[in-house]
Amino acid sequence: MQPQQQLAPAYEKCSRHPINDIVLFCIHDKCKEPLCKECCKLHIQWHNSQGTPANIDTVDSVREKLFSDVHNLKIRFEEEREILHYFSDGEHSQLIKSIHGKIEQVKKNLLKLVNDYCNQLEKEIQKRIQQHRAAHPGEKKELHHKLNTVITQLDSQEKALQSQKYIKACLVVISEEKNHDLEGLSLDIDNALKHYLDNMFDVCIHEDKLQKINDALNEYVEIHQANYAEELEYKTQQIRESKKTTGIQSQQYHQQFKPVNKKQEINPPISQTIPSKNLNYQSVYDTPNYQSNIHSSLQQSRLGPTSKNYETRLQQNNEKLKQFYG
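For the sequence shown, this note's numbering gives the first residue as 669, with consecutive numbering after it.
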C-alpha cells in the first residue's frame, strides 16, 4: 500500500471577492459552503437570520479531514479487492497463482530428477567408452593412418589426370596401379573391427517400464477437493493487519518530519450564532492578531484533526468569538 500523501498548502480565489483566498468552510449540515473572509461575514449573518449556528472551520482542516476519510475508505475497498483477487479464479488470483506455483515446483523437481539421471547415464557411458578404448590401443589408429596415406595419393593422382599435362600422370597411375593393396587393407580393417566390436557395449531401453514410471508420477501429485473457508478468514485478517501496520508506519514516518512551532496559537473553527446587533466585522477580520490566528489554524489543520479533539476545538472557538464580538 502506498503511504498517504501530504497535502501541500494551496488556496483558490473566491469567485465573489477575487482578491480574497477561500480559507474557511462552513460545515453545518445544511450548508457545506467554502468561504473567504468577506463571505464569512455574510454567511454568519445569514445563519443568524435563520436561527441556526454557523459551523466554520479552516479550509485546510476540512480538506485534510476529507482527504483522510477518502484515503481510509479507499484502503478499505482495496482490502476487499485484494481479498477478492486472492480467492477469485481470474488470472491474477493469488490462490490460483499459488496452485500454479506448486505445479511449477513439480516441474522443477521432475526435471531435476530426469537431468540428474541422464547426467549419471552419460557419465557411465563415457566411462565405458574410455575403458573399451584403453583395451584396444593403436589398432584402429594405425589402419586409419594407412587409409589416409592411400587416399591422399589417389587424390593427387586424380587432380594430375585433370590437368593439361596429364601424360605423366597417366604413366604414374599405370606404374602404381597394383601398389594399392585394397583387399589386404580391407581384410585388416575387418579383423580389427571384429576384435574391437566383440567387447563393445550397448544401451537397452525397457519401454515397458515407462508405464510404471507414469503410474508413480500419478501418485506423486494428487488433485483433490479443498475447503478454503478457514483460509478466507485467515487471509482476510492478514491483509487487513498488513494494511493497518503499513498505515501506522506511514503516519509515524510523516509525523517525524512534520514541523512543529510551539509558539503557534491554534485558532479553532468557528461555531457560534452571533446576535446581529453585536457583529463587528472590522474587529473580527482586520485585527492585528487575526491573520496570525488564521495562519496558526491552517498549520494546525495539517497535523490532521481527529474526532476526539474536534468538538473541543469548536468549544474553544466560542470563547474566541466572545472576545472578538464582545
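Idealized CB from N, CA, C, for every residue including glycine.
For residue i, the residue or residues it bridges with in DSSP
i      : result
Leu703 : Leu692
Lys681 : Asp689
First and last residue of the uninterrupted alpha helix (DSSP H) at residue i
i      : result
Leu861 : 850-866
Tyr785 : 762-803
Glu844 : 835-844
Glu887 : 877-888
Residue i versus residue j - alpha carbon distance
i      : j      : result
Ser683 : Lys765 : 54 Å
Asp870 : Glu826 : 41 Å
Glu792 : Val889 : 31 Å
Pro702 : Pro686 : 14 Å
Leu675 : Glu772 : 46 Å
Met913 : Arg744 : Note that residue 913 is Thr in the sequence shown here, rather than Met. Each residue's alpha carbon lies about 14 Å from the other.
Pick from the options that is closest to residue i, judged by C-alpha positions
i      : options                        : result
Gln905 : Asn777, Leu829, Glu748         : Glu748
Ala897 : Phe755, Arg908, Gly719         : Phe755
Cys704 : His696, Asp689, Asn716, Gln713 : Asp689
Ala678 : Asp728, Val818, Ile891         : Asp728
Glu887 : Val774, Ile743, Gly769, Glu732 : Val774
His804 : Leu861, Ile819, Leu822         : Leu861
Arg731 : Leu710, Ile751, Leu692         : Leu692
Ser761 : Leu815, Lys795, Glu750         : Glu750
Lys733 : Ile695, Glu851, Cys707, His685 : Ile695
Asp823 : Gln832, His812, Asp876, Ala837 : Ala837
Gln798 : Asn816, Ile767, Met868         : Met868
Thr817 : Leu853, Ala828, Gln830         : Leu853
Ile907 : Glu746, Lys709, Leu789         : Glu746
The ligand NAP heavy atom lying under 7 Å from the CB of residue i
i      : result
His812 : Summarising the ligand content, the structure contains no ligands, and the ligand NAP is consequently not present.
Discussion item. Using a Cβ distance threshold of 8 Å, determine whether the stretch 880-896 contacts the stretch 711-727, with at least three qualifying pairs required.
Written reply: no
Worksheet item: Between the stretch 832-841 and the stretch 781-793, do at least 3 Cβ pairs fall closer than 8 Å?
Response: No, because fewer than three Cβ pairs between the stretch 832-841 and the stretch 781-793 fall closer than 8 Å, the two stretches do not touch.
Worksheet item: Is there contact between the stretch 735-754 and the stretch 711-719, where contact requires at least three CB pairs shorter than 8 Å?
Response: By the Cβ rule, the stretch 735-754 does not count as touching the stretch 711-719, because fewer than three pairs are nearer than 8 Å.
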